[in-house]
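If you're matching positions, the sequence shown starts at 1 in full-length UniProt numbering and goes up one per residue.
Idealized CB from N, CA, C, for every residue including glycine.
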Amino acid sequence: MSVLLPDGDNQLEDIFGSEAVRTGLVPVVRLSDRQVVAVEVVVAGPAGSALADPDLLESAARDTGMTAELDAARWSGAAATIAGAELPAGLPVLIKVDAETLLQAPDPADLGVDRGVLVLPQDALLGHPARIVRLVDHARAQGWSIGVDRVGQDARGLALLPLLEPDLLILQPEAIAGSGDLATAQLVHAVAAHAERTGAVVMAAGVDDAGRHRAAQAMGATVGRGRHHVRARWDARHRFLQLGDEPRRRTRASSPYALAAAGREELLADKRLLIEMSKYLEMAAQSVQPVLMLGTFQHVRHFTPHTALRWEYVAGVAALAAAFGEGIGPRPATGVRGVDLDPDDPVRGEWTVLVLAPHFASVLSARDLGDGGPDLERRFRYVLSHDRDLVVSIARALLTRVPDAQPA
1 MSVLLPDGDN QLEDIFGSEA VRTGLVPVVR LSDRQVVAVE VVVAGPAGSA LADPDLLESA
61 ARDTGMTAEL DAARWSGAAA TIAGAELPAG LPVLIKVDAE TLLQAPDPAD LGVDRGVLVL
121 PQDALLGHPA RIVRLVDHAR AQGWSIGVDR VGQDARGLAL LPLLEPDLLI LQPEAIAGSG
181 DLATAQLVHA VAAHAERTGA VVMAAGVDDA GRHRAAQAMG ATVGRGRHHV RARWDARHRF
241 LQLGDEPRRR TRASSPYALA AAGREELLAD KRLLIEMSKY LEMAAQSVQP VLMLGTFQHV
301 RHFTPHTALR WEYVAGVAAL AAAFGEGIGP RPATGVRGVD LDPDDPVRGE WTVLVLAPHF
361 ASVLSARDLG DGGPDLERRF RYVLSHDRDL VVSIARALLT RVPDAQPA
């Protein structure tokens, strides 16, 4: 959704710099019985203006690069709005936040909130995976639950949901207004798999009429918000939305092999076999879209031209393809994120290929035994696993080393 403003950025600057911005609460209802189970803090422009609708103001802020100003307005008015509403104890409060301002989020208690939910845009993780994982860990330590908004806007982002383990998935309005095509089916499958594994709640945005209410339920959403339910009111006698009850993992600063070998059988193989096993995982990554693929190559000399071609192919459709190695540079191949390893990093002595998708997870991790002699006869200890929890833990550990995306 885009909003054409007659005066461009100036109109938004005037709005955010004035007292015309209005902060309010909109209900989130349980779709089965239409009872209010949470509320969301929204910011609206001046009454009667083109930006009086909170969704239109948010879209305009995104289009003009003013999400930080929108967040500032939201935080500025949130505490007073929440206090004035006299919310019942235990009612969750959803607050959207951009990746750039996530670190500025206060403790939920400072806002007078028992159960606070920070809602991040899905595309933030695509551009800033390492930073978002760190910031989400920090926010959870403060007591926040985590939601992801605009799920389905970019199918690639579905592969990255396990890295955040969000408590709430919010389907974008266009998803429930769609035609039930293959892309919609892909979204439903991926969201259902994540919700089943983690206990996350699925919410629909843009539930503006009875048809979209039914469509949201058909796609697996159990709660929603939109004009169809804007007049709903909470009742303390009803059960509110339960979020964050399942424990979430914290990022472990470790190497892939150290994580993989803990409590698992280590096998011995030469480089020749590991090359073919790695190629098999690279082939799997081509067929399980959307996908995340990470690889550690020790040194840039092992990222050969043939390897680069295979990785370019995957990178063209992957949520993220990143290659790690000493001297590898920021762009070792088209579309591939390069991460230069310090010679003292334990990952420098490891060989890992990791593939993570909504319905597939595998990691091959090996440790160089330091043999001399012919290159293809070099020996490695290795672990091969399809344990999704392990794959996610290794992915998170590697992503702490990934720099933010640079502008094209």
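| query | result |
| --- | --- |
| Simplified DSSP state of Ile328, which is helix, strand or coil | coil |
| Coil, strand or helix - Leu320 by DSSP | strand |
| Residue burial classification, Asp167 (beta-carbon count within 10 angstroms, cutoff 16) | buried |
| Counted within 10 angstroms of its Cβ, other Cβ atoms place His213 as buried (16 or more) or exposed | buried |
| Whole beta strand (DSSP E) elements within the region 153 to 188, 3-residue minimum | 168 to 171 |
| Distance, Ala47 Cα to Val355 Cα | 49 Å |
| Local Cβ density within 10 Å of Ser32, reported as buried at 16 or more and exposed below that | exposed |
| Same chain, Cβ closer than 6 Å to Ser365, five either side skipped, listed in chain order | Pro256, Tyr257, Ala260, Thr352 and Val383 |
| Extent of the continuous alpha helix (DSSP H) to which Gly84 belongs | Thr67 to Ala85 |
| Reduced DSSP category for His386 - H, G, I as helix; E, B as strand; rest coil | coil |
| For Ala94: DSSP bridge partner residues | The residue you asked about is not Ala; residue 94 is Leu in the sequence shown. According to DSSP, which records beta bridges pairwise, Leu94 is partnered with Glu40 and Val117. |
| Proximity below 9 Å, CB of Ala321 to CB of Met293 | yes |
| Asp278: first and last residue of the uninterrupted alpha helix (DSSP H) it sits in | It should be noted that the sequence gives Ser, not Asp, for residue 278. Here the alpha helix (DSSP H) through Ser278 covers Lys271 to Ser287. |
| Meets three-Cβ-pair contact criterion under 8 Å: the region 181 to 194 and the region 136 to 147 | no |
| Exposure of Asp107, with buried meaning 16 or more beta-carbon neighbours within 10 Å | exposed |
| Rounded separation between Pro358 and Leu125 - CA only | 16 Å |
| Closer than 9 Å to chain B by CB, Leu12 | As a matter of chain content, chain B is missing from the structure shown, which is built from one protein chain. |
| Sequence-distant residues of its chain with Cβ nearer than 8 Å to Ala85 (five each side left out) | Leu25 and Val39 |
| Sub-9 Å separation of Arg34 and His229 beta-carbons | yes |
| Reference Leu274, options Pro305, Gly316, Leu376 and Ala361, closest by Cα | Leu376 |
| Boundaries of the beta strand (DSSP E) in which Pro54 is found, first to last residue | Per DSSP, Pro54 belongs to no beta strand (DSSP E); it is in the alpha helix (DSSP H), Pro54 to Asp63. |
| Span separating the alpha-carbon of Leu56 from that of Gly206 | 12 Å |
| In DSSP terms, what Ile146 is bridged to | Leu118 |
| DSSP three-state assignment for Glu350, whether helix, strand or coil | strand |
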